[in-house]
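A short write-up of the structure that comes next.
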């Protein structure tokens, strides 16, 4: 199945968010490497945090969209089953 435009866009945004996280960590390491290992790790994590939060938010949006598509498909199937059962019940009585 061909991915929709929304799925392509979210894939692009997830990649950009990961790039933001990696660049943030790299800048944090580069700027604070003289303050010691613990400080560098903490500051690199803090610098990468906005990108990581974007990844999480975009992935949650992706999952919610997929969930709504599956729920719509299940609703269609249940309605068709209900119609078939109703037709059978009416035809036998």
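In the numbering used here, the protein residues as written are 25 to 117. Ideal Cβ placement from N, Cα and C applies to all residues, glycine included. Note that the structure is a prediction, hence the values are computed from the model and not measured.
Just mark residue i as buried or exposed, buried being the case when its beta carbon has 16 or more other beta carbons within 10 Å.
i	result
residue 84	exposed
residue 72	buried
residue 107	exposed
residue 43	exposed
Do the CB positions of residue i and residue j come within less than 8 Å of each other?
i	j	result
residue 56	residue 47	no
residue 33	residue 52	no
residue 38	residue 79	yes
residue 41	residue 82	yes
Measure the C-alpha to C-alpha separation of residue i and residue j and round it to an integer number of angstroms.
i	j	result
residue 99	residue 70	44 Å
residue 75	residue 95	30 Å
residue 26	residue 91	18 Å
residue 111	residue 105	10 Å
residue 35	residue 28	11 Å
residue 62	residue 31	39 Å
residue 103	residue 77	39 Å
Give, in chain order, every unbroken run of the alpha helix (DSSP H) that is at least 4 residues long and sits entirely within the region 25-65. 29-56
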